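Residue numbers (the numbering used here): 10 to 403.
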């Protein structure tokens with residue numbers, strides 16, 4: 010059983026709060042009502058509140074005693090442009106927008122920790138509660154940092170978490186290496202010369218050229234990268250033409266590259282540019298690469314991981330710890346770790362059997378229209394946040 014009884018007592022109340030957030034999702038950097046509600050809760054509990062950080066970001070500050078150490082606890086707030094397939098009572102009331110990644114649970118878990126810490130004040134120092142907008146491709150962490158988050162609210166330790174269906178249910182997944190991959194987006198523009206579809210010999214066909222580029226760049230992963238270096242290159246979109254009987258002038262290829270090592274990213278970018286230009290030249294076309302490094306990999310600080318693991322052992326026993334394998338999705342929590350030690354952990358959210366009657370027919374996976382956060386994770390996430398905070402600010 011968990012040792013933080015007060016958090017368990019509050020779990021039912023915060024389940025209702027989580028479902029209210031789920032019913033009213035807002036897209037990246039548009040979390041106006043969400044941030045307003047968060048600010049109201051924090052104010053109600055006597056926590057100093059700062060709003061409008063990086064747009065819709067909210068920061069709460071709770072001080073106790075004369076300690077000088079500071080810990081930042083972070084949750085993301087945004088939802089996704091997905092039409093929810095669930096039909097239970099707390100399903101999205103905002104058509105075409107859904108909390109399909111569990112950020113409603115992340116908000117609520119951090120609020121639960123904030124409520125507990127504001128009541129008990131069993132720490133000596135400063136707790137900074139960071140409610141971040143725009144994690145889903147909205148560059149919310151970057152916006153908050155650019156708006157002075159790290160200078161206005163300096164912290165010595167950043168702690169964040171994510172619910173994760175693939176981690177064993179109710180276990181805490183963490184490691185002392187890379188948790189999540191970098192996120193990089195590439196676009197290859199191919200310029201040729203259009204013609205009638207019946208006379209392709211008069212064209213420089215950008216569609217054919219783009220297809221050859223797509224096949225060739227896969228060799229970067231299979232033949233140019235060291236086999237022991239993880240990396241994924243995915244071509245996710247190809248655009249060309251407007252009708253069936255015209256060879257167009259232009260085609261474009263869009264995709265992502267995910268790695269755990271900047272040197273690997275450098276190599277992939279270099280080869281993408283080289284291969285696309287050379288293949289295009291072979292067919293008389295031209296190719297131009299745009300490579301955007303959106304997110305760094307999430308690399309945990311070993312000492313911070315120790316604190317999380319010790320908290321889990323104290324709360325639940327060592328059997329609730331899971332040695333987390335690195336995963337290839339990206340997370341802008343990495344932006345905080347560029348300058349501050351910290352740790353990011355997963356809470357295993359189960360196979361979907363927790364969902365209420367009326368859920369969709371799809372699997373309970375992140376970014377799926379049938380997903381719903383597992384409310385049993387709320388006291389677990391909140392307890393880990395709280396216990397790490399109490400330990401660090403002893």
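The beta-carbon is built from N, C-alpha and C at its ideal position, and this holds for glycine as well.
Predicted, not measured: the structure shown is a model, and the values here were computed from it.
Around the C-beta of residue 326, fewer than 16 other C-beta atoms lie within 10 Å, and the residue is accordingly described as exposed.
Residue 212 and residue 197 have their C-alpha atoms roughly 19 Å apart. Distance from the CA atom of residue 395 to the CA atom of residue 225, rounded to whole angstroms, is 50 Å. With 16 or more other Cβ atoms from the protein chains shown falling within 10 Å of its own Cβ, residue 16 counts as buried. By the Cβ test, the region 186-203 is in contact with the region 290-297, since at least three Cβ pairs between them sit closer than 8 Å. The beta carbons of residue 391 and residue 118 sit closer together than 7 Å. The region 285-328 is shown to contain whole beta strand (DSSP E) runs of 3 or more residues at 295-304, in chain order. Note on geometry: alpha-carbon atoms of residue 73 and residue 180 lie some 31 Å from one another. DSSP places residue 344 in the uninterrupted alpha helix (DSSP H) bounded by 343-346. For residue 87, the closest of 56, 388, 222 and 341 by C-alpha to C-alpha distance is 341. Within the region 192-234, the complete alpha helix (DSSP H) runs of at least 4 residues fall at 215-228.
A straight line joining the alpha-carbon of residue 248 with that of residue 105 spans about 25 Å.
Scanning 27, 37 and 236 for the CA closest to the CA of residue 47 turns up 27. The C-beta distance from residue 244 to residue 262 rounds to 6 Å, short enough to fall under 8 Å. Sequence-distant Cβ neighbours of residue 176 in its own chain, meaning closer than 8 Å and more than five residues away, are 182, 331, 333, 355, 356, 357 and 358. Contact annotation: residue 241 and residue 206 have beta-carbon atoms that are not nearer than 7 Å. Only residues of its own chain outside the window of five on either side were considered, and among them 150, 151, 154, 304 and 305 have a CB closer than 8 Å to the CB of residue 344, listed in chain order. By a beta-carbon distance limit of 8 Å, residue 166 contacts residue 350. Their separation comes to about 6 Å. Under the Cβ criterion (8 Å, minimum of three pairs), the region 63-83 counts as touching the region 126-138.
The Cβ-Cβ distance between residue 24 and residue 370 does not fall below 7 Å. Between the alpha carbons of residue 216 and residue 290 lies a distance of about 14 Å. Residue range 386-401 is occupied by the alpha helix (DSSP H) that includes residue 386. Straight-line measurement puts the Cα of residue 253 at about 56 Å from the Cα of residue 388. Sorting 120, 148, 156 and 285 by C-alpha distance to the C-alpha of residue 44 places 120 at the top. Within the region 21-55, the runs of alpha helix (DSSP H) at least 4 residues long that lie entirely inside it are, in chain order, 41-53. Take the alpha-carbon of residue 309 and the one of residue 210: they are about 55 Å apart.
Annotation: residue 115 to residue 172 spans about 8 Å, alpha carbon to alpha carbon. Per the C-alpha coordinates, the member of 227, 338 and 30 positioned closest to residue 375 is 338. Cβ contact annotation for residue 314 (same chain, cutoff 6 Å, sequence separation greater than five): 183, 185 and 352, in chain order. In summary, residue 285 is buried, with 16 or more beta-carbon neighbours lying within 10 Å of its beta-carbon over all protein chains present. Around the Cβ of residue 188, a 10 Å sphere holds 16 or more other Cβ atoms; the residue is buried.
Counted as a single uninterrupted DSSP element, the stretch harbouring residue 167 is not any alpha helix (DSSP H) but the beta strand (DSSP E) occupying residues 166-173.
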